[in-house]
Amino acid sequence: MDKLSSMQAFVTVAELGSFSGAAEALRISKAMTTKHIQQLEHALGIRLFSRSTRRLRLTEAGEAYLQGCRDVLGALAELERQVSGFNAKPHGRLKVLAPTSFGSFQLAPVLAEYAHRFPEVQVQLTLSDRPLGLLEEGVDVAIVIGSLHDSSLVARQIAEVRLVVCAAPAYLALHGAPATPADLVGHNCLRYSQGQRKGMWLLMTEEGETVIRVQGDFEATTGDAVRMAAIAGLGLVQLPSYMVRADLTAGRLQPVLAECSPAAIPLFAVYAHREPPATVRTFVAFLEECFHHPL
Numbered sequence: 014m015d016k017l018s019s020m021q022a023f024v025t026v027a028e029l030g031s032f033s034g035a036a037e038a039l040r041i042s043k044a045m046t047t048k049h050i051q052q053l054e055h056a057l058g059i060r061l062f063s064r065s066t067r068r069l070r071l072t073e074a075g076e077a078y079l080q081g082c083r084d085v086l087g088a089l090a091e092l093e094r095q096v097s098g099f100n101a102k103p104h105g106r107l108k109v110l111a112p113t114s115f116g117s118f119q120l121a122p123v124l125a126e127y128a129h130r131f132p133e134v135q136v137q138l139t140l141s142d143r144p145l146g147l148l149e150e151g152v153d154v155a156i157v158i159g160s161l162h163d164s165s166l167v168a169r170q171i172a173e174v175r176l177v178v179c180a181a182p183a184y185l186a187l188h189g190a191p192a193t194p195a196d197l198v199g200h201n202c203l204r205y206s207q208g209q210r211k212g213m214w215l216l217m218t219e220e221g222e223t224v225i226r227v228q229g230d231f232e233a234t235t236g237d238a239v240r241m242a243a244i245a246g247l248g249l250v251q252l253p254s255y256m257v258r259a260d261l262t263a264g265r266l267q268p269v270l271a272e273c274s275p276a277a278i279p280l281f282a283v284y285a286h287r288e289p290p291a292t293v294r295t296f297v298a299f300l301e302e303c304f305h306h307p308l
């Protein structure tokens with residue numbers, strides 16, 4: 014006889030205080046219910062119930078076994094719930110929040126491909142460089158570059174972002190290229206005024222990885238605006254490599270201080286629940302599939 018079925022019968026008898034009531038609830042005969050309990054008692058070598066003509070009571074061993082059975086059956090039900098979710102086909106709304114530049118340069122094409130693969134999912138992409146509450150905004154997945162602040166959320170690293178300092182050839186011809194991070198003091202550094210490091214550049218120095226405060230006569234709230242100003246020859250800029258890769262290849266920008274490049278910055282997919290719905294689970298897995306190399 015199935016041990017789990019016997020455990021379920023035992024729990025039902027204990028909770029209802031009646032063999033006949035348990036048999037009715039389980040939709041089996043009273044004789045079968047009694048047999049389940051007898052087989053458990055025989056296998057355990059103990060009595061689970063103290064029977065009398067008036068009422069059915071659990072023995073001390075029965076009390077302990079009841080709690081254990083509840084734990085086992087509850088864990089099994091939770092496991093089945095989790096595993097059955099893997100067969101669920103993603104459908105419904107998927108709201109994604111991402112930094113403006115990353116969303117434009119990297120995420121939008123990936124979202125389009127995801128939407129083709131899962132046509133029953135309606136994708137909503139919100140681009141913002143100001144902090145937004147994940148739950149308050151109804152966001153399913155947020156893309157976060159750098160450090161995380163809310164430990165109650167689930168974060169999975171999906172990629173790394175490399176930072177590049179660069180400038181237009183015309184600017185470098187006029188002002189020269191900085192040889193060390195200390196030389197940035199004499200340069201017009203174009204600043205990105207949103208995010209975690211306003212006016213701060215991360216570089217390697219003799220002391221190791223160092224945050225350097227830079228100065229300049231231009232700042233903008235989007236990385237793309239700073240990038241365009243750099244292409245126009247206004248000054249130096251530090252941006253993620255994915256934003257300037259095409260410009261470097263085309264010669265519109267030239268890298269400087271390459272030997273001082275900092276360590277790559279982690280990029281996370283952040284969501285609210287450890288057992289996410291199929292839309293979130295498949296989307297995060299899709300991001301890992303697409304972003305398997307430094308950006």
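According to the working numbering, the sequence shown holds residues 14 to 308 in order.
Note that the Cβ used here is the ideal one computed from N, Cα and C, for glycine as well.
Collapsing the DSSP output to three states places residue 278 in a strand. In this chain, the beta strand (DSSP E) harbouring residue 221 covers 221-226. Note on geometry: alpha-carbon atoms of residue 32 and residue 52 lie some 15 Å from one another. Cβ-Cβ separation between residue 203 and residue 247: approximately 6 Å, consistent with a contact (criterion under 8 Å). Beta bridge pairing from DSSP links residue 169 with 282. Within the DSSP bridge table, the entry for residue 106 names 135 as partners. For residue 59, there is no enclosing beta strand (DSSP E), as DSSP marks it with neither H nor E. Residue 180 and residue 111 have their C-alpha atoms spaced approximately 26 Å apart. Where residue 258 is concerned, there is no enclosing beta strand (DSSP E), although the alpha helix (DSSP H) around it starts and stops at 254-263. In this structure, residue 172 lies near residue 305, with their beta-carbon atoms less than 9 Å apart. For residue 240, no beta strand (DSSP E) run applies; the uninterrupted alpha helix (DSSP H) run containing it begins and ends at 236-244, by DSSP. Of the residues 152, 168, 151, the one whose Cα lies closest to the Cα of residue 158 is 168.
Counting C-beta pairs with one atom in each stretch, the region 80-91 and the region 17-34 have three or more that are closer than 8 Å, which means they touch. Boundaries of the beta strand (DSSP E) harbouring residue 179: 176-180, taken from the DSSP string. When secondary structure is reduced to three states using DSSP, residue 194 falls in the helix class. Rounded to the nearest angstrom, the Cβ distance from residue 81 to residue 61 is 12 Å, too far for a contact under 8 Å. It is roughly 52 Å from the alpha-carbon of residue 150 to the alpha-carbon of residue 70. According to the DSSP assignment, residue 215 belongs to the beta strand (DSSP E) that extends over 213-218. In this structure, the straight-line span from the alpha carbon of residue 293 to that of residue 284 is close to 8 Å. Ranked by Cα distance from residue 226, the options 251, 238, 39 are led by 251. Of the candidates 154, 115, 267, 122, 154 places its Cα closest to the Cα of residue 287. Taking 9 Å as the cut-off, the Cβ atoms of residue 113 and residue 236 count as close. DSSP places residue 123 in the uninterrupted alpha helix (DSSP H) bounded by 121-130.
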